[in-house]
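Asker:
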Amino acid sequence: MFVFLVRRLLQAVMVMLAVAFIAFLMFRYLGDPVNNIVSQDATQQQREEVRQRLGLDDPMAIQYGRFVINAAKGDFGVSYRNSRPVSALLAERLPATAELVLVAALLSLVLGIPLGIYTALKPRGVLSQGLQIMSLIGISLPTFVTGILLILVFSVWLGWLPSFGRGDVIDIGWWSTGFLTASGLKALILPSFMLCLFQLTLIMRLVRAEMLEVLRADYIKFAKARGLKNRAIHFRHALKNTLIPVVTIFGLQLGGLIAFAIITETVFQWPGMGALFIQAVNFTDVPVMAAYLVMVSLIFVIINTSVDLLYNVIDPRLRTDPTRASGKGA
Amino acid sequence: MNAAPIKLKSREAPLLQVKGLKKHFAMSKPFLNRLLEGGEQQTVKAVDGLDLDIPRGQTLSLVGESGCGKSTVARLIMGLSSPSGGSILFDGADISRAPAGQPADIRRRMQMIFQDPYASLNPRWRVADIIAEPLRTYGMCASRQEQRREVDRLLEFVGLNAKDGDKFPHEFSGGQRQRISIARAISTKPEFLVCDEPTSALDVSVQAQILNLMREMQRELGLTYLFISHDLAVVNFMSDWIGVMYLGRLVEVSPAAELFANPQHPYTRLLLDTIPDLEMSKRDRQPAAGEVPNPINPPPGCHFRPRCALANERCRREAPVLRVYDGGVSASCHAVEEGRANEPITVQASAAQSLRAAV
Amino acid sequence: MTMSDTSFAGRLRSFADSDLFYSFRRSKTTVIAAAALALLFFGAIFAPVIAPFDPFDIAHLNLLDSELPPAWMEGSNSAYWLGTDTQARDVLSSILYGLRISLFVGFASVILAAVLGVFLGLVGGFVGGIVDAVIMRVADVLLSFPAILVALLINGVMRGILPANQHESAAILVLVLAIGLTNWVQYARTVRGSTLVERQREYVQAARTIGVGRLRIMLTHILPNVLGPVLVIATINLGMAVLTEATLSFLGVGMPATQPSLGTLIRVGNEYLFSGIWWVVIFPSATLAVLVLAVNLIGDWLRDALNPKLR
Amino acid sequence: AELRYAAAGDIYGLDPDSMTDSFSNNFLSHIYEPLVRYNKELKIEPALALSWEVVKPDVVRFKLRQGVKFHDGADFGADDVVMSLMRAVDENSPIKGNLPALKSVEKIDDYTVDLHLAGPTPLLNNYLTNIAVFDAGWLENNNAVKPINAELGQEGYTSTHANGTGPFKLESRRPDAQTVLVANEGWWDKPQHNLTKIIFTPIASDATRVAALLSGEVDIITPSPLQDAKRIAANPGTKVLENPGLRTIMMNFNMRDKLVDGNVEGNPFKDARVRKAVYQAINMDLVRDKIMRGKSRVSGMQIAPEVPGFDAKLNERFPYDPAAAKALLTEAGYPDGFQFNMNCPNDAYVNDEEVCQAMTAMLAQVGLNAKLVTEARTLHFKKAQEGQTDMFMIGWATLPMLDGFSVLSAMLHSPEEKLGTWNPGGYTNAKVDELVKKIDVELDETKRREMMVEAFAITEQEVAWLPLHQQPLSWAVRDNVEVVQTADDLLRLWYVNVK
Amino acid sequence: MALLEVENLKVEFPTRKGVLTAVDNVSFNVEQGEILGVVGESGAGKSMTGAAVIGLLEPPGRIGGGQIRLDGKRIDNLSPDEMRKIRGRHIGAIFQDPLTSLNPLFTVGEQLVETIRTHLPMSAADAKKRAIGWLAEVGIPAPDRRFDQYPHQFSGGMRQRVVIALALCAEPRLIIADEPTTALDVSVQAQIIALLKRVCRERNAAAILVTHDMGVIAETADRVAVMYAGRLAEIGPVAHVLQKPSHPYTAGLMGSIPRVGPRPKRLIQIEGSMPRLTDIPSGCAFNPRCPKVFAECHRIRPELRPVADGAAACLLYEGVTQ
Ligand SMILES: Nc1ncnc2c1ncn2[C@@H]1O[C@H](COP(=O)(O)OP(=O)(O)OP(=O)(O)O)[C@@H](O)[C@H]1O
Ligand SMILES: Nc1ncnc2c1ncn2[C@@H]1O[C@H](COP(=O)(O)OP(=O)(O)OP(=O)(O)O)[C@@H](O)[C@H]1O
Ligand SMILES: [Mg+2]
Ligand SMILES: [Mg+2]
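Protein chains in written order, with our numbering: chain A, 1 to 330; chain B, 1 to 359; chain C, 1 to 311; chain D, 1 to 499; chain E, 1 to 322.
#1: Exposed or buried, which one is Leu-443 of chain D when buried takes at least 16 other CB atoms within 10 Å?
#2: Rounding to the nearest angstrom, what Cα-Cα distance links Met-73 of chain C and Gln-227 of chain D in this structure?
#3: Residues in the same chain with beta-carbon distance under 8 Å from Asn-126 of chain D, minus the five sequence neighbours each way, listed in chain order, please.
#4: Going by C-alpha distance, which of B:Arg-177, B:Gly-85, B:Thr-137, B:Arg-97 is nearest Pro-123 of chain B?
#5: Can you have a look at Val-253 of chain C and say buried or exposed, based on whether 16 or more other CB atoms are within 10 angstroms of its CB?
#6: At a cut-off of 7 Å, would you count Gly-272 of chain E as near ligand 2, judging by its Cβ distance to the nearest heavy atom?
#7: Does at least one heavy atom of ligand 1 sit under 7 Å from the Cβ of Thr-72 of chain B?
#8: Cβ of Asp-178 of chain E within 7 Å of any heavy atom in ligand 4?
#9: For Lys-328 of chain A, collect the residues of the same chain with a Cβ closer than 6 Å to its Cβ; drop the 5 residues on either side in sequence, then sort them by chain order.
#10: Could you tell me which uninterrupted alpha helix (DSSP H) segments, each at least 4 residues in length, are contained entirely in the segment 345 to 423 of chain D, listed from first to last along the chain?
#11: Return the CA-CA distance between Phe-456 of chain D and Ala-207 of chain D, expressed in angstroms with no decimal places.
#12: Which of the three DSSP states, helix, strand or coil, is assigned to Gln-218 of chain B?
#13: Does the segment 226 to 244 of chain B come close enough to the segment 278 to 286 of chain E that 3 or more CB-CB pairs lie under 8 Å?
#14: For Ala-185 of chain B, does the three-state DSSP call read helix, strand or coil?
#15: Going by beta carbon distance, what residues of the same chain come within less than 6 Å of Ser-281 of chain B, once the five residues before and after it are set aside?
#16: Using CA coordinates, which residue listed in D:Leu-123, D:Ile-458, D:Val-182 is at the minimum distance from His-193 of chain D?
#17: Within 8 Å of any Cβ in chain E, is that where the Cβ of Asn-161 of chain B sits?
#18: Please state the DSSP three-state secondary structure of Ala-207 of chain E.
#19: Identify the continuous alpha helix (DSSP H) that holds Ser-24 of chain D and give its terminal residues.
#20: In the DSSP assignment, the beta strand (DSSP E) including Asp-76 of chain E goes from what residue to what residue?
#21: Using the DSSP secondary-structure output, state which residues sit across from Leu-20 of chain E in a beta bridge.
#22: Can you list the residues of chain B that Gln-269 of chain E reaches, using a CB-CB cut of under 8 Å?
#23: Helix, strand or coil: which one does DSSP assign to His-265 of chain B?
#24: Can you pull the chain B residues whose beta carbon is under 8 Å from the beta carbon of Asp-76 of chain E, in chain order?
#25: Residues in the segment 284 to 310 of chain A with C-beta within 7 Å of chain D's C-beta atoms, listed in sequence order?
#26: If you draw a straight line from the C-alpha of Leu-107 of chain A to the C-alpha of Gln-111 of chain E, how long is it?
#27: Can Ser-47 of chain E be considered in contact with ligand 4, in the sense that its beta carbon sits closer than 7 Å to one or more heavy atoms?
#28: Quick check on the DSSP output: what are the complete alpha helix (DSSP H) runs of length 4 or more inside the segment 23 to 65 of chain D, in order along the chain?
#29: So with CB distances below 8 Å, who are the chain A contacts of Pro-202 of chain D?
#30: Give the interface partners of Tyr-219 of chain A over in chain E, defined as CB-CB distance under 7 Å, in chain order.
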């Protein structure tokens, strides 16, 4: 277990170094932040001054090294755009994204698993087939179009739900939560639905496929031969085995949710990290972009590690040797 | 190491000689685990010092429980994996370090037949292409026509129709597929065939066909076989010599008739006892005790000791070596050496207890 | 036993007789999906021939004709069946040409990903050792990173490497690379898994004992036997790739407006959703949805049909 | 009344000295005030200063308003002005370029200060409209006398707190989500608004912003996408406010020795006839009618009518005439046209990408093959400035100067140390250079204007740039909101009334 | 009355090329406490017969005709729920592979207790006691410790013991064992067979033992049924069938088994192989391979006729003349 965590830690560090490196490679080509900082008619000399102050005239390798060293100390530098420490900016926006992603993830599980089970147990039912096709249509449209359509219907036409923002939030320490107010909860509905749509479909289809697979397994046949009740067979024996791949994919998809939050947050003006990242891209706010990418990769590593640990809970075969979990499928 | 146990009837040198052959698989944990958790490198001694001579034109069979290393021996001889020690001489040439297929002029003379007739033919290839592959690889045919003629001949030789060459393997039954494998194996006109459980996936009625075919081929083509099986009855039908393997080592090598008539090693006796007797129906046979031990951690001394009724202190301490006895029999057992095994061994005694206490 | 026939007609006949074709015929949705897909392909491939206008021929655009509604509506010009956009481009023609680009990006990136992934998976699975470890660690890292972010990164780097004045012309290749390089992992993992299994199969051992070379074994023996799942992944990924391109377009790094893909058309049209010029966004979106839906349905079917356990 | 206001982006922070972004600065001018400000007509009027006089050519004396209080209750006085102005031009200040001429500020008495300048500065007041006045004591107490030094990584107190003299006080702020202002009851000026509270929300997506207005979640949006005007107007309860703005959109020509992406030797754009051919090939009326939905103001000059230096005669465009354009090209030796690249931003101006696309189509009709590249503004302006384009689009509003000199000095003067910063194409005319230098120090308003018109006349004759139009301001509000729309596209909520 | 009566059982698979008959008109009885061996080559329909009896034919497979009676009561037409109550409680089953028969995610104890409590009214504590008793019964040492272990912690032979315990723990009177030892090592096979024999005897349970290993049959079964191409070729007491087979197929089969002892030059071999279900010849299914074939064999399908102590389906015994 200890070894497992150490290995994950090393892996995490490597991933983050690589991500930061790629990020730096890329930023050089994203545009020139200086243009966004000085006023439009600033002189060449003023531009040079700014460039120098930001350390942009140093070679890439030095900039990268500096970033890595500072980042190790938890200092991601200062946003060019907001003149505030990047860590503060990210911390400010973390709750919004976290809550959005959490709700979307839960929604996708809470809806996806039962629907998947249903369609697996009744594969030929009209409702099942309808659900299957519906789910495919759901992922056949780009999410940004879905988002705008949701706004059009539920905000503009029906006026039921807000079209943007988080509603009222309540601060608990540095964490701001929208879970405790009616408007906050209302504001969550559309964005989290848009965000979860893809994962929902995925999980539903995955659960269905795995369930069908598991129901064909020998131990299910043997369970039937023992005369167990259908309920026990489906929901005890089959479901638990189904959950193993679902957990993997879910873990991987959680990363996807964070990334796709970029689009959801843009469409719904959700004040989270994704929106911050897009602003940073538009502004060439290098420190913010780099910190975001590094932080997101850290989150992924944490998620993946937790998923692997979760395996041990579900699968006794791994308890003795958690490294076996790393052989998970895509 | 002792001298090769098989006393040759002719003065001719054996076609295949295996000396002190070893194959150890490293089973260690990843580097990081060892670094942080300690623990040394573990190895599975799949083959652990094996001596064999196979005379030209004869059949030597290897029997033994699952995991005792039979297939590994076959793979080592064919060059499919490289030995950790020892040597393999084919017709006097050392091929123990040569990879499969090389050197071509020697490897061409040795071929292999596999266990699973369904898995040993590439399902996407036509039968004619499968059989022609060795011909092509060793450049044995001058033209495509010649190649095709040769394939047709081979198909008919193994009892199939020349037209079957255009079909795919899935269009054949298991027995027919094994015939195709055989046709492929003999296409290079080999002198030596390694057969790793060639019939264990087949039904008895088909098994009989294949075994008969192989015997005929031996007669007609003068082939030498290394035949691997876990079925002693099959081995009896096929072999001139039988080697009994236990956890990577040979425990007994004898002429076939001798082995059945007069088994020496307690393990051989145990194996013989597992053969159900068709004539004596509903007999309450006392089954062999215990399960195959873990090859990662074989007991010190004689590996068979935990299951052996004759084991004593010496067996615990000292690993026995293969000794030659009368009648071409050789066995590696302290009890045999000391003459303690001459009484009919009662494996049953221990077996009856361990039926309930088997771990 | 079926007679084997190597002639083309014979193969066709035996295909028509095969289980695959039978299960295809039996699944109505799949047949409809395939028909829709064939139609879209036809439209894309023959766009230069069947499109009423050439949206890239800017010299013939006349702003006066911009924003005409579809032909059945008032104030339309019957030459433009699905109306025109703000640049007076014929929407139908734009869709056909956009489809061409979307499909190209989709196919090319899927092929790139598949070729790369299959190759790396084969090599990793067959050679093993360090090579395998390196490939799989890189794959792990990529896999634990969301596709659009990776695509964004690769896109950024590619743009940086190319000289500035080629960005526009290379945009399509950059996208193909970005999406392709993001998606190879799935293929590599699958192929590696099957290769590990196939490698142990006796037909491979048999080929080795004959002395067939490694590369030859990989290509002629193992490859054909691991392609089934690859085909399934490729089909489903095709839909994903087309959508990814659209999403990247939304994030401003997709195809430029001068050679719009379906995604770009939707991104641009999206701004007109409220303004009454709905046809510039609805038609491309519908086309995209039909395309992805059809591809996914076929992929679904293919997965079931090729899965021996389900038969 | 409460006003819910949505714009396309959030302000960058709360410290007006930390950024040059005009949107942020404008928003902060509800909290912080300058010495002088623009009124509804964009004329300069006293704010915290009551009056000013030029004591010497390089010294200007300001009399300050008395009885003004900061939001925290502190009194306003000369010390505050001294500290605020020096803070703005501090060595590390990102905005020191906004007040280039200021050398020092001298306190004469509690309500009088002298500004010492590098030389005669005719545009001093224009510059000052953009400089916020802080409370000296508050800055000192909060360790914020120096502008925020980004490199040190400290979080400046002023970027999260605000204390000005303006008509509104900061109540709360969540970046990217919501900034709430409440009316300042003790404002020195007589309020022309009836607001008690302003709830400001950035909404980046155009569609979402419009949806928010249509669904009644906000009262005013800026900008409102042109294409949605019809929909908003048709919607009961909402209306669109549209006027021509100050920002003039124009195209720059590469006049260096070679084209970046051409198919001919040398650079045809060095020939004024070629530039004029491009000019005449473009039908800006059609662009206005179609792409800008009739809302833009076609322009022959690089500045808008509101900007000093404007001249109605010069604002006449050369007529759209493809035949003449072709003739000019033939005359210049390019009967079949040639290829070059053209760069446009796609997120900087109203329908920027569409305008460029339409232009390429029009240019194609006279045989010119413009290879259009549209990019995000960060990439676009980087390339533009580095001279990696043959033609690029830029919009110029002359803010905060609000004077033609801004264009002359930055875009038409030959590239030099402080001048010609936005002349990457390399247009040079000795006469223009000479005029620019004179205008810079001319205090006489009439003479300055004459010289400016003269310089513009020259550059226009030579087609130094290709002016296109002034882009429209487009805001949308709920019917009950009365708002003054000024040409600088800045929302001054202290003129807003909600019925 | 026999415990189990199978009469003219037909198992069919509808495919697109028509309906395949995997089990064709098979009839046999199993008496209380008797072990009936079912042998035959791969694909002969042995497993399908067993699956039909326990009602676990996998779709699209279905019973296409005939009757199955347990204690004289028909069970082939019961509703799924009624059949479920029979499974485990009255008919138990053991399958070939002990590795895959156990759910890897539940402890052995959980699976035992679950089965016991499904069928027998019992408190959890009692069920646990009983489960541990069963583990001991099948020869698992330290059963109370093993109770809480997962299947992967058991060796192959021990897993098969657990499977046997699971099949028996609701005390069924009939066990269907479909190749229970094929996946096991030679030396373990004998142990498992011995165990099966012992528990059946002690509990007076009957068993249908499906296998293609004649040796296993010889030492286990009371009677043996030989299947060929979905049909019953011969059925009778073990000694009789193995030593003096009536049907030419059985005779061939016995001859082709190599034996220990003096070895023949050739094994007796039956030419060809069993036909696929899609092209079973008309008349006797064995006619293309039969050494004693005559014209009528291609026309008339033989019925099962009493021969000696058993019965065989061969025209030789129907008085049809050559
Ligand atoms: N590649 C390998 N890595 C590690 N261990 C191996 C490898 N190949 C074989 N072994 C081990 O070597 C031992 C001998 O295996 P081998 O396949 O030779 O046995 P066998 O006698 O052929 O058994 P069977 O009858 O089941 O075929 C086994 O314990 C096996 O686990
Ligand atoms: N789903 C199916 N569709 C069509 N035919 C099937 C299906 N399942 C089984 N069969 C056929 O039914 C026949 C009987 O199969 P069964 O499993 O009973 O054979 P078996 O005697 O148990 O063989 P084995 O010894 O290989 O287990 C076989 O010919 C098989 O091909
Ligand atoms: Mg083996
Ligand atoms: Mg079976």
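All C-beta atoms, glycine included, are put in the ideal place defined by N, C-alpha and C.
Answerer: Answer, in terms of the structure:
#1: As a first step, residue 443 of chain D is located in the fourth sequence; it is residue number 443 there, counting from the start. Exposed.
#2: The residue labelled residue 73 of chain C in the question sits at position 73 within the third sequence. The residue labelled residue 227 of chain D in the question sits at position 227 within the fourth sequence. Looking at the two C-alpha atoms, the distance is approximately 19 Å.
#3: Translated into the one-based positions of the fourth sequence, residue 126 of chain D becomes position 126. Cβ within range, chain order: Ile-44, Pro-400, Met-401, Leu-402, Asp-403.
#4: Translated into the one-based positions of the second sequence, residue 123 of chain B becomes position 123. Among B:Arg-177, B:Gly-85, B:Thr-137, B:Arg-97, the Cα nearest to that of Pro-123 of chain B is on B:Arg-177.
#5: Here the question's residue 253 of chain C lines up with position 253 in the third sequence. Val-253 of chain C should be labelled buried.
#6: Residue 272 of chain E sits at position 272 when you count from the first residue of the fifth sequence. Gly-272 of chain E Cβ: outside cutoff for every heavy atom of ligand 2.
#7: Taking the second sequence and counting its residues from 1, the one referred to as residue 72 of chain B is at position 72. Within the cutoff, so yes.
#8: Walking along the fifth sequence from the start, residue 178 of chain E turns up at place 178. Under cutoff, so the answer is yes.
#9: Position 328 of the first sequence holds residue 328 of chain A. Residue placement at Lys-328 of chain A is poorly supported in this model, since its pLDDT is 32, which falls under 50; the coordinates are not used for a value here.
#10: 352 to 365, 377 to 385
#11: Locating residue 456 of chain D in the fourth sequence gives position 456, where the first residue counts as 1. Locating residue 207 of chain D in the fourth sequence gives position 207, where the first residue counts as 1. Those two C-alpha atoms are separated by around 40 Å.
#12: For the purposes of this step, residue 218 of chain B is taken as residue 218 along the second sequence, with counting starting at 1. DSSP places Gln-218 of chain B in helix when its eight states are reduced to three.
#13: no
#14: Working through the second sequence from its first residue, we reach residue 185 of chain B at position 185. Here Ala-185 of chain B sits in helix by DSSP.
#15: In the second sequence, the residue the question calls residue 281 of chain B occupies position 281. Only weak support exists for where Ser-281 of chain B lies, its pLDDT of 47 falling under 50; the value from the coordinates is given anyway. For Ser-281 of chain B, where only same-chain residues beyond five positions count, there are no Cβ hits under 6 Å.
#16: Residue 193 of chain D sits at position 193 when you count from the first residue of the fourth sequence. When each option's Cα is compared against that of His-193 of chain D, the closest is D:Val-182.
#17: Counting from one through the second sequence, the residue named residue 161 of chain B turns up at place 161. Answer no: the Cβ-Cβ gap between Asn-161 of chain B and chain E never drops below 8 Å.
#18: On the fifth sequence, residue 207 of chain E is found 207 positions in, with the first residue counted as 1. Three-state result, Ala-207 of chain E: strand.
#19: Along the fourth sequence, read from residue 1 onward, the residue named residue 24 of chain D stands at position 24. Element bounds for Ser-24 of chain D: 22 to 28.
#20: Working through the fifth sequence from its first residue, we reach residue 76 of chain E at position 76. That residue, Asp-76 of chain E, is in no beta strand (DSSP E); it is neither H nor E in DSSP.
#21: One-based indexing of the fifth sequence puts residue 20 of chain E at position 20. Beta-bridge annotation (DSSP): Leu-20 of chain E is paired with E:Phe-13.
#22: Walking along the fifth sequence from the start, residue 269 of chain E turns up at place 269. Within 8 Å Cβ-Cβ: Ser-205, Ala-208, Gln-209, Asn-212.
#23: On the second sequence, residue 265 of chain B is found 265 positions in, with the first residue counted as 1. Looking at His-265 of chain B - three-state DSSP - the assignment turns out to be coil, as it is neither helix nor strand.
#24: Residue numbering aside, residue 76 of chain E sits at position 76 when the fifth sequence is read from its first letter. The contacting residues do not exist; Asp-76 of chain E stays about 29 Å from chain B at best.
#25: For the segment 284 to 310 of chain A, residues whose beta-carbon sits nearer than 7 Å to a beta-carbon of chain D comprise Thr-284.
#26: In the first sequence, residue 107 of chain A corresponds to position 107, counting from 1. In the fifth sequence, residue 111 of chain E corresponds to position 111, counting from 1. Cα-Cα distance, rounded: 32 Å.
#27: If you number the fifth sequence from 1, residue 47 of chain E lands on position 47. Yes, the beta carbon of Ser-47 of chain E sits closer than 7 Å to at least one heavy atom of ligand 4.
#28: none
#29: Along the fourth sequence, one-based indexing puts residue 202 of chain D at 202. Neighbours of Pro-202 of chain D on chain A, chain order: Gln-269.
#30: Position 219 of the first sequence, counted from the start, is the residue given in the question as residue 219 of chain A. Here the neighbours are Thr-100, Ser-101, Leu-102, Asn-103.
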